[in-house]
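Visitor:
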């Protein structure tokens with residue numbers, strides 16, 4: 030599985046939102062500036078994640094986007110799914126019954142795909158946040174948070 034720009038930017042944006050005090054609203058521009066992302070593209074991704082119920086938007090001068098749930102309740106799989114990322118390794122085909130090796134290989138890839146999918150839905154945004162913070166601390170970095 031390869032994480033595309035679409036998936037990468039989406040995870041970065043939600044990690045950024047998880048850092049806001051009381052998960053308060055943040056403007057697209059502020060996220061884009063902090064994470065060095067193109068704001069128009071980020072806005073489209075955030076709208077998709079809003080439709081999926083991962084973020085909510087607030088209008089007004091102090092508005093912006095904020096997490097719709099606690100980071101522990103948002104999985105990496107949900108984020109990727111919200112922006113249309115697929116984790117399918119390849120199109121599903123069924124090997125012929127006379128080709129036992131092909132069947133075994135097909136089953137192996139199917140099982141690996143299932144494990145990967147389970148993992149993506151087990152890893153929460155909160156887990157990613159603490160992993161990033163631990164890495165930054167090991168590098169001696171301050172609270173600057175760019176993923």
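In the numbering used here, the protein residues as written are 30 to 176.
Here a beta-carbon is modelled for each residue, glycine too, at the ideal position from N, C-alpha and C.
Since residue 96 sits in a beta bridge, which residues does DSSP pair it with?
Guide: In the DSSP output, where bridge partners are listed per residue, residue 96 has 84.
Visitor: Three or more C-beta pairs under 8 Å: does that hold for the segment 53-66 against the segment 33-45?
Guide: As far as the Cβ criterion goes, the segment 53-66 touches the segment 33-45, which means the pair count is three or higher.
Visitor: Quick one, which of 150, 104 and 132 has its alpha-carbon nearest residue 96's?
Guide: When only C-alpha atoms are compared, the closest one is 104.
Visitor: In the DSSP output, what is residue 39 paired with across the bridge?
Guide: Paired residues: none, contrary to the question.
Visitor: So residue 106 is in the alpha helix (DSSP H); what residue range does that whole segment cover?
Guide: Counting along the chain, the alpha helix (DSSP H) containing residue 106 begins and ends at 105-111.
Visitor: Taking its Cβ as the centre, do 16 or more other Cβ atoms sit within 10 Å of residue 112, making it buried, or is it exposed?
Guide: Classification of residue 112: buried, given that the 10 Å Cβ count is 16 or more.
Visitor: How many whole angstroms separate the CB atoms of residue 100 and residue 154, which I take to be in contact at a CB cut-off of 8 Å?
Guide: With a Cβ gap of about 4 Å, residue 100 and residue 154 count as contacting.
Visitor: Looking at the strands, I want to know which residues DSSP matches up with residue 56.
Guide: According to DSSP, which records beta bridges pairwise, residue 56 is partnered with nothing at all.
Visitor: How would you call residue 147, buried or exposed, if buried means at least 16 neighbouring beta carbons within 10 angstroms?
Guide: Answer is exposed; the Cβ neighbour count stays below 16.
Visitor: Counting only the same chain and skipping the five closest in sequence on each side, list residues whose C-beta sits under 6 Å from that of residue 87.
Guide: Within the same chain, residue 87 has close Cβ partners 54.
Visitor: Among 136, 109, 84 and 137, which one has its Cα closest to the Cα of residue 151?
Guide: That would be 109, whose Cα lies nearest to the Cα of residue 151.
Visitor: Thinking C-beta only, is residue 35 closer than 8 Å to residue 74?
Guide: Yes, Cβ-Cβ distance for residue 74 and residue 35 is below 8 Å.
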